[in-house]
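> Following our numbering, the numbering of the sequence shown begins with 1 at its first residue and continues without gaps.
Idealized CB from N, CA, C, for every residue including glycine.
Just dropping this structure here.
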Amino acid sequence: MKIQYTKVARCNNTPVVDYYFRAMIELTDKGHNHQSVSFSYDQQAIVAEHKGRIVGVLLYDIQEWGNSLLVVLGYVSKGYRKQGIYSELWKRAVAIAKAAGLGKIQGGTHHTNKAMQKVMAKQGRVKTMVLYEYAVPKKGKGESHGKK
Ligand SMILES: CC(C)(COP(=O)(O)OP(=O)(O)OC[C@H]1O[C@@H](n2cnc3c(N)ncnc32)[C@H](O)[C@@H]1OP(=O)(O)O)[C@@H](O)C(=O)NCCC(=O)NCCS
C-alpha cells in the first residue's frame with residue numbers, strides 16, 4: 001500500500017481540521033477523551049495519505065519556551081492500523097524535533113487508553129506526569145445559587 005507522508009505547516013483551512021474532529025468523535029465514543037478539544041488552527045501536522053485521503057495524522061505544536069514538541073493528537077484511521085503508519089509519523093516528528101534543536105517530545109493520552117500507552121512505551125516514551133481531576137459537588141437543595 002503506497003502511503004504518502006506530508007508536512008502541513010499550518011492546519012488552518014486544510015482537511016486536517018475535519019480529520020481531527022472525526023478522530024475526537026471516536027475517542028469520545030470509547031471514553032478516551034478528556035471532554036476537551038485542544039485543536040488550534042496554527043498547529044502543524046504530519047499527514048499520512050492513501051489515494052488522496054488522510055488516513056493518519058500526528059498533530060503538533062512547537063513550544064520553544066518549553067524546549068518541546070507537543071503532540072496534540074496521534075491518530076490512524078480504522079482499517080489502516082498496525083501497518084506501521086504511526087511509527088512513520090513518529091519517526092518524522094522525532095526528525096523535526098531534532099532539526100529544531102528541541103530537547104523533548106511530550107504528549108498525553110487518557111488513562112483508559114491502554115493501547116496508546118503500549119504504543120508510547122514501545123517508542124521509548126516515559127510517563128512524567130499524571131493529571132488529577134476533582135468533581136465539583138453539584139449545587140444542593142437549599143442553596144441560594146446567588147439568587148435572592
Ligand atoms: C494508537 C494508534 C495511533 C497506533 O497507530 P498504528 O499505525 O496502528 O501503529 P503502528 O502500526 O505504527 O504500531 C506501532 C507499534 O505499536 C504496536 N501497536 C499498535 N497498536 C497497538 C495496540 N492496539 N496495542 C498494542 N500495541 C500496539 C505495534 O505492534 C507496533 O509495535 P512494534 O514497533 O513493536 O512493531 C492507532 O491505533 C489509533 O489511531 N488508535 C485510535 C486513536 C488513539 O487512541 N489515539 C491516541 C490518542 S492520544
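#1: For V119, verify whether its CB is less than 7 Å away from any heavy atom of ligand 1.
#2: Could you give the DSSP three-state label for R22: helix, strand or coil?
#3: Write down the C-beta distance between G56 and Y86 rounded to the nearest angstrom, noting that I regard them as a contact closer than 8 Å.
#4: When the Cα atoms are used, what is the spatial distance from D121 to N12?
#5: Would you mind reading off the limits of the alpha helix (DSSP H) that contains L70?
#6: Considering R53, what are the terminal residues of the beta strand (DSSP E) in which it resides?
#7: What residue range is occupied by the uninterrupted alpha helix (DSSP H) comprising A117?
#8: In terms of residue numbering, what span does the alpha helix (DSSP H) encompassing Y152 cover?
#9: Would you report the Cα separation of E133 and H110, rounded to the nearest angstrom?
#10: Answer yes or no: do D61 and L70 have a C-beta to C-beta separation smaller than 8 Å?
#11: Have a look at the DSSP bridge pairing and note the partners of Q106.
#12: Cα-Cα, which of E26, D18, D42 and K2 is closest to A48?
#13: Under three-state DSSP, which class holds V16?
#14: By DSSP, does T6 sit in helix, in strand, or in coil?
Taking the structure as given:
#1: yes
#2: helix
#3: 7 Å
#4: The displayed chain sequence assigns Ala, not Asp, to residue 121. Cα to Cα, A121 sits roughly 31 Å from N12.
#5: Element bounds for L70: not the alpha helix (DSSP H) but the beta strand (DSSP E), S68 to V76.
#6: R53 to Q63
#7: A small fix is needed here, since residue 117 is Gln in this sequence, not Ala. Note, Q117: alpha helix (DSSP H), K114 to K122.
#8: Lying outside 1 to 148, the shown extent of the chain, residue 152 is not represented and no answer is given.
#9: 12 Å
#10: yes
#11: L70
#12: K2
#13: helix
#14: strand
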